[in-house]
Every structure is written in structure tokens, then in C-alpha cells.
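What follows is a set of notes on a single structure, which appears directly below.
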Amino acid sequence: MDPSEVTIGSITLFEHLPRSNRRALASPMALRSRSTLSVCGSQNQMRRPITADSAIKIPVRKIIALTSGRQLQIFRIEAKVKAHVIRDDVVFWKGSSNTLIGLVTGTAHQGRLGTLADLRPSSDLDRAQIINYRFTVDGKWLFLVEISNNTSTAPDAFRVKGNIQLYSVERGISQPIVGHAGTFAELEVADVAQSYKLFTFANRTATGAKLHIVEIDHTAASPVLAKKAVDVFFHPDATSDFPVATQICKRYGIVYLVTKCGFIHRWDLETGACIYMNRVSGNTVFVTSEYEATRGIIGINRKGQVLPATADKNALIVLYAKKVNYTPDYPALLQHIVRVNPEQGAQFASSLATSFLLDALKDNKPDQAHFQTRLLETNLVHAPQVADAILGNQMCTHYDRPRIANLCEKAGLLQRALDHYEDPADIKRDIVQSSTLDQEWLVNYFGKLTVEQSLDIMREMLRVNIRQHLQVVIKIATKYSDLLGPVKLMEMFEQFKTYEGLYYYLGAVVNLSTDPEVHFKYIQAATRTGQIREVERFCRESNYYNAEKVKNFLKEAKLTDQLPLIIVCDRFDFVHDLVLYL
């Protein structure tokens, strides 16, 4: 998404699509061609050319609503359904996943709530910058969120003032609330027949921040759900940060709270307990939406990045088991899994053995070497990524290193294998035959080798596949030039007649060298790779090359452009030789 189109009021995000509704700026009447796109996977993508100021897609029924000036039009994908003329320009609107559309107009900020068949006014709303407008699925409740600069001098006044207007359609009553973000939710509680209907909202003042969870539409048959108001932590450095969105994960009963500066908080809807907090974006987050596909949420930041956040169901199970001190009957579970799926049973048994051994070997004692080896052997065969993590965390250090090195190579963990190999033949085999090693890692790895080993392996790399390995060989030669020696490195490149490699290697080191041979070889390599302008520059600026040697080489090269030769002869008083040559 183009970052220039990512601003508050110009982006709306639904579970099914991000949509930009930025107006064209060339003329008040100019319209921009649009398209709508589902983000749920390539098989569900749908594009339609649209000429309008703004568009909302209602995915469940494949309906698109468009505004153009004060015209509101509603289409099924196949045909136009409804048209309506609005008194004022629409500045903010929202659609739900069924049949509801909410609109806010420009002059009086009048809210409208209605169905696709019948739009009707619902309330008058004060002028402010609107950042959210939501309603319940049944259309009985709605709220509008407005923010503005706070001019109050009160001690607890926050720089950004947030106002929420909560409105009951059935009662025709509006309740103002101090808040920056909110959402509706339903909560199922054990032993209660009907689910609770809740309204959650968050606000920040100069003295603190709160998340509120309150019940709406209470039914007499159900116990009253106590109101909750819990403190929300904001980083001391984030003095201007405030809540911009709250979303609900229905499956797990989690409240997601997202802040302007990219922090995300997870709260338990029933208890109000904080589960998790982290920063997911370094850029301003503008809008969020529930994302049913992952049982989480998605958001968009100023860079136009779409950010997903979800709860790991496996982690939730582990946390719950620890909370209630539940210890599974592992033998019974293993027997059951083996009967149903032997392959999965083997994996489960391996994971159990790994868990037990990691706990038993946590002291990393020398007399545990045999068990450490068995632990790594098992995982390198059945779960290489687990073995990689164990090795990376250095949880075991007394195992059979040659044995583990060989298994790492067979498992495709070549970097781990190279970390363990000591035989030069094994090291050479792994490096030369692999095209998957990270180049930066490989360059650093050569710092562990001797000069003879490094030169031998680099020659073998060029011999086996010069095109594949040339770039990394140049990087290695450049980084360790002083250690390996320019003379030996130049001989290596010339041995394989790769003047391109010689040119790029010397280009990185020649300015730090006063060796006449290095300067001559650079001129030679640049000439043979067709870098004539560079030859001219270097012949003019270098003070270290052997002028006689360079003059003779340029004469033998028979360049179509003789300017490099002219420069050398002019600088070093070879004009007579030049005249005779020309």
C-alpha cells in the first residue's frame, strides 16, 4: 500500500480487505479509479474497477457500497441494489459483515444508521475528528469515537482528548464517555444460559490510562457482571501515546488494545487480567480490524504495512495447564496416539524424550556427554530445528562433536556442521558443495581458518563453480586481504583467469596500498574488463604504479581509446615514445 495514502480518515480496514478512500486532489470533481481486494488468500481475491470517492465492501453478501459526492450507491457484485442522495458530504462511514452501514456527514456530523434497504437518521453528533464508528450486529447499539486537541488546563488533561458517544437505538438515548477507543463484545460464562453483551473502551489522561469492561442490555435471568476498570501501562518514553483501537477475539475471549505508537496489549475479557504486552510497530498504527482467519487482529501503520497479531493456541493450552497444575498422563496419551497414528506417535515420543532430557541435562556436566550426544542424535534425525535451537543456545557442550557434525551435515544444518568440523577435507566439502550458506556468515567463518586453509578452500570454490562462488570469494579476499596477502590473492584470481574478480577485489584495497604491483594489477584488470574510464582516472591519480611497466602494457593492449596511454606518457615524460608508437 502506498504510504502517501495512509492517513487517519483515508484508510478503512475490514476483516476482508484494506481499502483506501483518499480523494483525488487535482480537482474537487476529480474521481480516482479504485479496486477492492480481499486479503484472505489468492483464491478469494476479487478486483473490480470502481470510479468513486470511497468504497465499502460487505463480503458476506458480496455487496459494495460507494459514495461519489453526496450520492450513495449500493451494488451487489452483479447489479445495482439501491441509490440514495445524502444531504451532506460523507466524511466517515462504516459497514458491518451483514446489512448495516453507518455514515457521518460533513457539516453537522450527523450519524445515520440503517439497513441496505432503508437508510434513516439516528443521532446528531458534535463536530470533531472521527476515528471510529461501530455498531452491534443487531443494530441496537452504536458508538462514535472522536478525538481533538485538548485545550483544558486541568491537571489530568491529556494532550489528545477522546470522546465516545454510546447510543441505544431502542431507547433513543446517547451517553457521552471519555475515551479514545472502544468495541462491542459478547462473553459466554460457565453456568450462565445467555451470553453477556459488553462494551469495552479505553482512555488515557495525564495521570494514567484505563481499560473499562461494562455490561449493556442486561437480562434479568443472568447474574450481574461486575464492571471492570483496569490500569493500562504506557512506556514512560511514550508520552504522546494513546489507545487507537480495541478489538475482540471471540474464540478466546481476549481484548486486543492497540496504541498509536504500535504497542499491543492483550486482556482477558472476563477477568480484566493483562495477558501480554509488546511493541509490534515502530510507526503510527491508524486502523485495526478483527481477523477471523487467524483468530486475531490485523492493522495498518503509516508505512502501509499490514500487521497481523494472534494468540498461539498451543501456548494458551500450556499456560492453562500450568495455571491449574495439570500433569498429563503421558504413557496413556502416547499409547492412544500410537494406535491412531503411529507416525505422530513417534514424533510425540521424541518430543517427550527431548523434554525429559533437557530437564535432566540442564546442569551440562562432563559425565553427561553420552546422554547429550543421544539427545542431539535423536533430534537431528527426527526434528532438526529442535537440535538447531539446542545447539544455538549452547545448552550442551560435552557431546561427541565429530558425530554431531556429521549428523548436522546430513540434516542440512551446514552452518552447525562447519562449526563442529576440524578436518580441512570436511570443511572444504561442506563449503564447496553448498549454495545455501549465508554469505555474511561464511565470510566471518573464514576468520577461524588458517591462511593455507583459506586459500585452498577459495581455490576449490573457484574451481568447482566460479560463477556461483566468485562474489563471496571476492568478499573473503577483501576482508582478509592483509592476512592472506595481496600477492597470493592476485595469483589465485589470475590462476582462474577471472579478471572480473581481480578487478573488484583490487578495487576495494588498492586505495589503501602503496605496492606498485597492486596498482599495476588493478590497471591491468580494469583494462581487461573494459573499464576504460576507470583506467584513465587511475593512471591520472595514482602515484605508486611503475610507469614504464604500465606504458608497455597499455601499448600491448592496443586500446581503441589511447587516452590512458597518453596520460601516462604525459605524466612521466614518455612523449617521445608516444610519438613513435602513434
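Using our numbering, you'd call the opening residue of the sequence shown number 21 and step up by one each time. We treat Cβ as the ideally placed atom computed from N, Cα and C, and that holds for glycine.
With fewer than 16 other Cβ atoms from the protein chains shown falling within 10 Å of its own Cβ, Ser-168 counts as exposed. Beta bridge pairing from DSSP links Ala-201 with Ala-222. The C-beta separation of Ile-543 from Leu-579 comes to about 12 Å, leaving the pair out of contact by the 8 Å criterion. Rounded to whole angstroms, the separation of the alpha carbons of Lys-575 and Ala-567 is 12 Å. The DSSP-derived three-state label of Phe-178 is coil. Shown here, Ala-425 sits in a helix according to DSSP, grouped into three states.
Under the Cβ criterion (8 Å, minimum of three pairs), the stretch 310–322 does not count as touching the stretch 248–262. In the structure shown, Asp-476 falls within a helical segment according to DSSP collapsed to helix, strand and coil. In this structure, Gln-435 is the residue among Lys-247, Leu-585 and Gln-435 with its C-alpha nearest to the C-alpha of Ser-454. As far as DSSP is concerned, Ser-370 takes part in no beta bridge. In the structure shown, Pro-348 falls within a coil segment according to DSSP collapsed to helix, strand and coil. Distance check between Val-484 and each of Lys-468, Leu-457, Ile-496 and Lys-448 places Lys-448 closest, using alpha-carbon atoms only. For Val-209 and Gly-273, the gap between their C-alpha atoms comes out near 10 Å. Glu-310: member of the beta strand (DSSP E) spanning 305–311, first to last residue. Shown here, Tyr-340 sits in a helix according to DSSP, grouped into three states.
Cys-294 and Asp-332 have their C-alpha atoms spaced approximately 16 Å apart. Under DSSP, the beta-bridge partners assigned to Thr-87 are Ser-74 and Leu-92.
Ala-75 is the residue among Ala-75, Glu-556 and Leu-457 whose C-alpha sits nearest the C-alpha of Phe-112.
Spanning the alpha carbons of Ala-103 and Val-124 requires a straight line of approximately 17 Å. Contact check for Lys-571 against Asp-597 passes: the beta carbons are separated by less than 9 Å.
The closest CA to that of Ser-501, considering only Trp-287, Gly-550, Met-478 and Ile-586, is found on Met-478. Between the alpha carbons of Asn-223 and Leu-372 lies a distance of about 46 Å. One Cα belongs to Thr-549, the other to Tyr-601, and the distance between them is close to 24 Å.
When the five nearest sequence neighbours on each side are left out, the beta carbons in the same chain lying within less than 6 Å of the beta carbon of Thr-225 are those of Asp-176 and Phe-178, in order along the chain. Shown here for Gly-192: not one same chain residue has a beta carbon closer than 7 Å to its own, the five before and five after excluded. A Cβ-Cβ contact shorter than 9 Å links Ser-533 with Pro-506.
Spatial neighbours of Lys-430 in its own chain (CB-CB distance under 6 Å, excluding positions within 5 residues in sequence) are not present.
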